[in-house]
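Reading through the structure tokens given below for one structure.
Number of protein chains: 2
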Amino acid sequence: MSVPSLLPGRGQGEDIEEDASPLLPSATAAESLSLSPRPSPPSHRGSEQSSHRLLAYSDALISIVATVMILPVSHTKIRADQELEESLQQLLTTKIAVYIMTFLIVTVAWASHIRLFQVIERIDDVLALLNLACMMLITFLPYTFSLMASFPNDTLGILSFCVCAIIIGLIQAVIVIYGFHRPYLLNAHIYASEDQISYKYQILKMILQAPALFVLAGILSFIYCPVAYAVLAFIIFLPYVTQCTQWCRNKIKGPKELQRVPFYTFHPNEPLSKERVEAFSDGVFAIVATLIILDICEDNVPDSKEVAEKFNGKLIEALSEYGPEFLAYFGSFVTVGLLWFVHHSLFLYITKSTRLMGLLNTISLAFVGGLPLAFRLTHEFAANSRNELEAIQISCVIIFLASLFQFAIWAAALYNEKETLHHHIRYGGKEHAFMFAKLSLYPSVAFVTFCLTYVLSKFSTEIFHLMQIIVPFAFVLLRIIVQIVLAILAWLFSRLKPRTSVLTEEEESAISVSEVAS
Amino acid sequence: MSVPSLLPGRGQGEDIEEDASPLLPSATAAESLSLSPRPSPPSHRGSEQSSHRLLAYSDALISIVATVMILPVSHTKIRADQELEESLQQLLTTKIAVYIMTFLIVTVAWASHIRLFQVIERIDDVLALLNLACMMLITFLPYTFSLMASFPNDTLGILSFCVCAIIIGLIQAVIVIYGFHRPYLLNAHIYASEDQISYKYQILKMILQAPALFVLAGILSFIYCPVAYAVLAFIIFLPYVTQCTQWCRNKIKGPKELQRVPFYTFHPNEPLSKERVEAFSDGVFAIVATLIILDICEDNVPDSKEVAEKFNGKLIEALSEYGPEFLAYFGSFVTVGLLWFVHHSLFLYITKSTRLMGLLNTISLAFVGGLPLAFRLTHEFAANSRNELEAIQISCVIIFLASLFQFAIWAAALYNEKETLHHHIRYGGKEHAFMFAKLSLYPSVAFVTFCLTYVLSKFSTEIFHLMQIIVPFAFVLLRIIVQIVLAILAWLFSRLKPRTSVLTEEEESAISVSEVAS
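Note that the protein sequences, when read in sequence, are chains A and B. Numbered according to this note's numbering, the first sequence spans residues 1175 to 1692. Numbered according to this note's numbering, the second sequence spans residues 1175 to 1692.
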């Protein structure tokens, strides 16, 4: 897919920066780049603004809302001696389904928000307020969704969801109309384009498609609920359906001419603001890490009366009862932190993120959001019950899938590496091997641990958390090991065929490539 | 205070950007600016990274940890018919004290983190892992703090707090040593400076000051707890004490020569990364907005059995019982959103943030963090009790103080406007008047509402929440009103003295200045 070239007129406004703090060159330079408008009538100068911070705030809000729905799941009361009986399992399953569906729906809303603000690149006060209204409704979606999950056969749940979604769609349409009314707020490519108006109607059509379908779902909900749910599912998977039919049509009839707006194509290769994918991921990782400490703070501060009566006022003895929970806390924090670290390392070398990578990232993050549940499960169960092993297995599965989908992001990026990857990290080169090692560490550790729970009968949550804490040292070791392996390979090859030592690095990458493919 | 000039060698690495998506010019340009290293040995190219995302993640984590401690406060069970009796008030007071102290201490840790990464501008894998370790301990601080609050006379609480703080200090020292060991990671100013080593020892001395004092506090805690607390308080206010003594000395002996490192001066005018202040504030606003929806989702989904029995299976009737709570939700969300909006508008025009502005911002955010409590109070109390009015009054006080300190940030910026404010917003000019109007809207609305609770006996939470929802329209009106007022003034002046219509804008600003001063 061809992407339009960067227009001139960007990054000119150094005049704004004259008295900015010189201590923060990258920050203020970045700020000035996005603050600096393209030449526009001076009367607008004051009221138009960079959208950077508005988007960062929206990302933070949406990521937290998407993740926080794990709390009702992990706060489901489980007594230590209670086997995972059927009714409880069913309750947990419902709540987990709510969490996953909320996560998916909120991220769909987020993706449409990204597209919208790829079209509208600059904001003013009115757009900021409209966006806040949109955010308010997006944060309200989880509630309507819990209603749907609790009363699947009642019209009200699905109706309230549809009403929210319709209003969100309408607000987005208003934002687009407002943006085209004041073209200096638009994306540079569209601003400079000759047929702005055709762009406008094309984009409006794409945006209003979803609300129209939601109206249909709302009407159907009065007639027969299951049909309404089917329509809802259809709306969520609409982009993929569209894409499939288009792909098939292209295969049969030969490629059609490319769509003119580079957004709203629903092509898996469509660019998705990398900055926003990062901001959203950061939000999820941060809230997950915090939910863990919140659990500790709320539950593990002993009651002063209890300490006085039960432990003769000795706080240390009371706290030593919580010992395993602190271990669980540090273990879980390390896992979240390192998954973030791997994600960070990966996205450092991604130059452009696509819709497909965004989707894989979302799935990975949905599993990361399940980590507070894993934490809760592994520290709530008393030792030596069958539940303890089950809890560890669930944790391993969550960690395995979260890290596996991170790996998949890399695989998707490698598939189109010239467009999406920094040249340091492409096939060949030491960094490629490091990245492969980093990304495969967590899936393999989780897999091995999962297998160990079946082999070792003495495996306990303590060992599991200790393993979690040890992993970061593995990261440091990894770099050393990869370097040693590369050195040995280089030495071997230089002995076999002098002057072709460069090949060794390509060899190394070839190995990892074959493993990516498998 | 003079600030060193921006060094050359920044913003050169356009080569990295060659295949970045051109659809996101500002994002990728910013990325490339911070990704692009100054000329460094090519062997380091792969492993050194921009610190931008690491810092964004740290900011998100710290802001959420700081704010989330409001949850234990707002989750304190209050029955609707229960008067705010003494024991409950005492419990609330303790918990609020824990919240405020946690917020302060975490933000002190955050400020030292900002300083650290103003010295170290680029990171590699080792620094990323060290930083994560540091984050883990910072997120653990609230726990040690709750322990201190619950058992003020036990050595263990204060000891665990000191141990955490000491380890954080030591990790920071290791980061500095590591950074100076690989100077290409350093701040451009220090990197180019001739006496790197003297910088190193100066910075290390400043960083290790706090851990040394914490060791002292730890030892003292074994002897006599109150003294240890005094030492802790001393450490927190150390920067201000240092600053005062320095200021006095300068007044008496005349100004000493300026310190060479522009960070770690504890001068109120010391720059504090504006980008990070914004990121931290965004985190706080986002988590506050989400805590509100979380409350709704956890408490206000009716039980399906209850609906079947009590309301004959009619969901609407069950939900209409929650009507006031939805009103409370939307009202609170609007308030949080608009406080963010005002903050966003203000920081858009701030070109450099200082320590003093950072402090005022922190205090403002601490009150913003209290909004979930206000939400809880206003929707938990049944109508027509004395408590209801009290709850509204508490909410008004929280909103008033949060917005007042935002106003104070502006006042602090105006005090030194040439350095800190964008020229559009300085004295004179329409934008100045708009900003004044925006910033004074919330304090005045909160104040008027507070007074109304004493005058109107019929004032209820419903009216309060409706007022909250109406405020955004006031923002849109505001712009119109200010424009009309300015037009009238301009017309009046043009009639009185032709050709001096520019003065009217200065008049307008003079009014606001006098009010800022008062």
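Every residue gets a Cβ at the ideal spot worked out from N, C-alpha and C, and that includes glycine.
### Backbone secondary structure at serine 1634 of chain B - three-state DSSP
If DSSP states are grouped into helix, strand and coil, serine 1634 of chain B belongs with coil.
### Query
What residues in its chain sit with their C-beta under 8 Å from that of lysine 1526 of chain A, if we drop five residues either side in the sequence?
Taken in chain order, the residues that qualify are Pro1445, Lys1448, Glu1593 and Thr1594.
### Euclidean distance between Cα positions of serine 1334 of chain A and aspartate 1298 of chain B
Their backbone Cα atoms lie some 48 Å apart in a straight line.
### Query
Nearest to leucine 1321 of chain A by CA position, among A/Lys1484, A/Gly1331, A/Phe1314 and A/Ile1312, is which residue?
When each option's Cα is compared against that of leucine 1321 of chain A, the closest is A/Gly1331.
### Task
Put leucine 1446 of chain B into one of helix, strand or coil per three-state DSSP.
Leucine 1446 of chain B falls in the coil class under three-state DSSP.
### Message
Assuming leucine 1344 of chain B and proline 1385 of chain B are in contact, meaning their beta carbons sit under 8 Å apart, how far apart are those beta carbons, in whole angstroms?
### Response
At roughly 6 Å, the Cβ-Cβ gap stays under 8 Å, so leucine 1344 of chain B and proline 1385 of chain B are in contact.
### Message
Buried or exposed, going by whether 16 or more other CB atoms sit within 10 Å of the CB of threonine 1528 of chain B?
### Response
Burial state of threonine 1528 of chain B is buried, judged by a 10 Å Cβ sphere holding 16 or more other Cβ atoms.
### Per DSSP, cross-strand counterpart(s) of leucine 1595 of chain B
When DSSP reads this structure, leucine 1595 of chain B sits in a beta bridge with B/Ile1524.
### Contacts around alanine 1347 of chain A, its chain only, beta-carbon distance under 7 Å, and the 5 residues preceding and following it disregarded
Residues of the same chain with a CB within less than 7 Å of the CB of alanine 1347 of chain A, apart from the 5 flanking positions on each side, are Leu1378, Ile1381 and Leu1382 in chain order.
#### Entry: Buried/exposed call for histidine 1596 of chain A, threshold 16 Cβ in 10 Å
Histidine 1596 of chain A is buried by the Cβ-count criterion.
### Task
Return yes when the Cβ of alanine 1502 of chain B is within less than 8 Å of the Cβ of phenylalanine 1549 of chain B, no when it is not.
Yes; because the gap between Cβ atoms is below 8 Å, this pair is in contact.
### Task
Use the C-beta contact count for valine 1282 of chain A: other C-beta atoms within 10 angstroms, 16 or more gives buried, fewer gives exposed.
It is buried - the Cβ of valine 1282 of chain A has at least 16 other Cβ atoms within 10 Å.
### Query
Can you name the residues of chain B whose CB is closer than 8 Å to the CB of methionine 1243 of chain A?
Correct list: Cys1471.
### chain B within 8 Å of phenylalanine 1328 of chain A, Cβ atoms only
For the record, residue 1328 of chain A in the displayed sequence is aspartate; it is not phenylalanine. Yes, contact with chain B.
### Message
For a cutoff of 8 Å on Cβ pairs, would you count glutamate 1452 of chain A as touching chain B?
### Response
When Cβ-Cβ separations below 8 Å define contact, glutamate 1452 of chain A makes contact with chain B.
### Task
Give the DSSP-derived three-state secondary structure of serine 1225 of chain A in the structure shown.
In the structure shown, serine 1225 of chain A sits in coil (DSSP, three-state: anything other than H, G, I, E or B).
### Query
Excluding sequence positions up to five away, which residues of its chain have a Cβ less than 7 Å from the Cβ of arginine 1450 of chain A?
Same-chain partners within the cutoff: Leu1229, Asp1233 and Ile1288.
#### Entry: Within-8 Å CB hit, glycine 1277 of chain A to chain B
The identity of residue 1277 of chain A in the sequence shown is phenylalanine, whereas the question assumes glycine. Phenylalanine 1277 of chain A does not count as touching chain B.
### Query
Less than 8 Å separating the beta-carbons of leucine 1513 of chain B and isoleucine 1583 of chain B?
The Cβ atoms of leucine 1513 of chain B and isoleucine 1583 of chain B do not sit closer than 8 Å to each other.
### Query
By the criterion of Cβ-Cβ separation under 8 Å, what are the contact partners of glycine 1544 of chain B in chain A?
Taking a Cβ-Cβ cut-off of 8 Å, glycine 1544 of chain B has no neighbours in chain A, whose nearest Cβ is about 17 Å from it.
### Task
Could you list which residues in chain B have their beta carbon closer than 8 Å to that of methionine 1310 of chain A, in chain order?
For methionine 1310 of chain A, the residues of chain B that pass the 8 Å Cβ criterion are Phe1504, Phe1507, Val1508 and Gly1511, in the order they occur in the chain.
### Query
Is there a Cβ from chain B that is less than 8 Å from the Cβ of threonine 1635 of chain A?
The C-beta of threonine 1635 of chain A comes no closer than 8 Å to any C-beta of chain B.
### Task
Show which residues of chain B have a CB atom less than 7 Å away from the CB atom of isoleucine 1238 of chain A.
Going along chain B in sequence order, the residues near isoleucine 1238 of chain A (Cβ under 7 Å) are Ala1460, Ile1461 and Thr1464.
### Task
Determine the direct distance from the alpha carbon of isoleucine 1655 of chain B to that of proline 1246 of chain A, and round the result to whole angstroms.
A direct Cα-to-Cα measurement between proline 1246 of chain A and isoleucine 1655 of chain B gives close to 46 Å.
### Where the alpha helix (DSSP H) through methionine 1609 of chain A begins and ends
It spans 1604 to 1629 - the alpha helix (DSSP H) in which methionine 1609 of chain A sits, taken as one unbroken run.
### Message
I'd like to know whether the C-beta of aspartate 1369 of chain B is nearer than 8 Å to at least one C-beta of chain A.
### Response
Between aspartate 1369 of chain B and chain A, the shortest Cβ-Cβ separation is not below 8 Å.
### Task
State the start and end residues of the unbroken alpha helix (DSSP H) segment that holds proline 1546 of chain B.
Secondary structure note for proline 1546 of chain B: its alpha helix (DSSP H) is the uninterrupted segment 1545 to 1554.
### Query
Candidates A/Phe1633, A/Gln1370, A/Val1481 and A/Ala1565: which alpha carbon is nearest isoleucine 1294 of chain A's?
Closest in C-alpha terms to isoleucine 1294 of chain A, from the list A/Phe1633, A/Gln1370, A/Val1481 and A/Ala1565, comes A/Gln1370.
### Message
Give me the residue from A/Met1309, A/Lys1604 and A/Ile1566 with the minimum Cα distance to lysine 1632 of chain A.
### Response
Closest by alpha carbon: A/Ile1566.
### Three-state secondary structure assigned by DSSP to arginine 1669 of chain B
Taken through DSSP and simplified to helix, strand or coil, arginine 1669 of chain B comes out as helix.
### Query
Roughly how many angstroms separate the alpha carbons of histidine 1218 of chain A and histidine 1598 of chain B, rounded to a whole number?
Any reading at histidine 1218 of chain A must be qualified, since the residue scores a pLDDT of 44, below 50, and its modelled position is unreliable; the value itself is stated next. If you draw a straight line from the Cα of histidine 1218 of chain A to the Cα of histidine 1598 of chain B, it comes to about 12 Å.
### Query
Using 8 Å as the threshold, is the stretch 1234 to 1241 of chain A in touch with the stretch 1457 to 1474 of chain B, meaning 3 or more CB pairs across them?
They touch, by the three-pair rule.
#### Entry: Assigned exposure category for leucine 1670 of chain A - 16 Cβ within 10 Å defines buried
Around the CB of leucine 1670 of chain A, fewer than 16 other CB atoms lie within 10 Å, so the residue is classed as exposed.
### Message
Quick check on the burial criterion: 16 or more other C-beta atoms within 10 angstroms. Buried or exposed for asparagine 1305 of chain B?
### Response
Classification for asparagine 1305 of chain B: buried.
### Task
For chain A, find out if any of its Cβ atoms is closer than 8 Å to the Cβ of aspartate 1299 of chain B; answer yes or no.
Flagged as an interface residue toward chain A: aspartate 1299 of chain B, by a C-beta distance shorter than 8 Å.
### Task
For glycine 1544 of chain A, I'd like the list of residues in its chain whose CB is within less than 7 Å of its CB, leaving aside the five on either flank, ordered along the chain.
Same-chain partners within the cutoff: Ile1244 and Ile1572.
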